[in-house]
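Going by the numbering used here, 421 is the number at position 288 of the sequence shown; the sequence numbering is gapless.
Where is the CB? At the ideal position from N, CA and C, for every residue including glycine.
It should be emphasised that the depicted structure is a prediction, and the values quoted were computed from it without experimental measurement.
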Amino acid sequence: MGNRVLQEIAPLGENDFMYVADRHKQEFDYPIHRHEIFELNFVANAVGCRRIVGDSTEVIGDLDLVLITSPELEHVWEQNKCKSDDIHEITIQFRADFDSPNSIYQTNPFFSIRQMLSRAKRGLSFPRETIQLVLDSLLNLSSIKDGFQAVKEFFTILNTLSKCDNAKELASSAFAKVAVDSKSKRILTVKNYIDVHYREDISLEEVADLIGMAPAAFSRFFKLHTGKTISEYIVDIRLGHAARLLVDTTDTISEICWATGFNTLSHFNRLFRKRKQCSPKEFRMKYQKTKVIV
């Protein structure tokens, strides 16, 4: 199933840092795809467009800005109910070896940018107020002829975006295949345990005992740090793995249901539709409608 997703070849030469495509169009017609190069994608005047990033599906408003830094994360902007005849899209594809120990991104001035690039492995969506802060720079970027000045302006955009406190991670960690993260060691211990044992029945008492807390105290502690109850978090992890299997395998929906820890098919279908705004079958079909890897 995974070989139905288009593997895009970015138009960057060996010595190029970034590529900027600034275009006006009447429709979205590019299929679900992924690529090695990082991408910052801006869309304006496309109310009703459906944005899919991994297992996240959202209908966008008049301004949309998403950063993607994983070569494995499928994404697409679909026409859906967009009626605009003047869609403005700016796509910036760039290189950033931010995980390398000798990279400039490991130095102190790039700390917040490095953190943002790491979060964007799941896709990172920015709120309208943050988009407004970088809007003029985005609109002017393609007109800058001097390469150094263009890169300088782009890093200024990244720095501004990295200061945003409420950027939203889109794909689930399970679907994007990225390691779970937490500033709390106890929360990280619980998340890592769930990531290994999500197929099994996991009780509140079991995970609370894992870090030496009473169940009631742990429940409050986990909700405070994650914004979710422990049962909600477990469901999200299971659904992320299920979505990944829907894309990468030809397993039946029933097989995927049992393989990801759900006890009944009806319960799985209901939760999947509630969290992903579509059925498992519809989710798989979105990926089947695309081209093959090139």
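Cβ-based burial, Q226 [other Cβ within 10 Å; buried from 16]: By the 10 Å Cβ count, Q226 comes out buried.
Give me, in chain order, the residues of the same chain whose beta-carbon lies closer than 8 Å to that of V429; leave out the 5 immediate sequence neighbours on both sides. There is no way to answer for residue 429, as the model of the chain reaches only from 134 to 427.
Can you determine whether any heavy atom of the ligand GTP sits closer than 8 Å to the C-beta of T322, and answer yes or no? Absence of the ligand GTP from the depicted structure is noted, as is the absence of any ligand whatsoever, leaving it without description.
I223, enclosing beta strand (DSSP E) - first and last residue: I220 to F227
Is it the case that the Cβ atoms of Y431 and E160 are separated by a distance below 9 Å? Nothing can be reported for residue 431, as the shown portion of the chain is limited to 134 through 427.
Cβ-Cβ separation, S189 to A304 (assumed contact under 8 Å), whole Å: With 8 Å as the limit, A304 and S189 qualify as a contact, their Cβ atoms being about 5 Å apart.
My output table needs one value for F287: the three-state DSSP class, helix, strand or coil. helix
What's the C-alpha gap between S317 and D230? 27 Å
DSSP three-state assignment for R156, whether helix, strand or coil: strand
Roughly how many angstroms separate the alpha carbons of G345 and E338, rounded to a whole number? 10 Å
DSSP-derived helix/strand/coil call for S217: coil
With a CB to CB cut of under 6 Å and the five nearest residues on each side skipped, what residues in its chain are close to A267? According to the sequence provided, residue 267 is Val. The question's Ala does not apply to it. Only I290 and T293 meet the Cβ criterion.
Between which two residues does the alpha helix (DSSP H) holding L337 run? L337 -> alpha helix (DSSP H) spans L337 to L343.
Reduced DSSP category for N292 - H, G, I as helix; E, B as strand; rest coil: helix
Can you check DSSP and say which residues form a bridge with A177? Residue pairing of A177 in beta bridges, as defined by DSSP: L196 and H221.
For I246, which residues in the same chain have their Cβ closer than 7 Å to its Cβ, ignoring the five residues on either side in sequence? Y238, L291, N292 and S295
Within its chain, find whatever has a CB closer than 7 Å to the CB of A350; leave out the 5 residues flanking it on each side and keep chain order. none
For the beta strand (DSSP E) containing E211, name the first residue and the last one. H208 to E211
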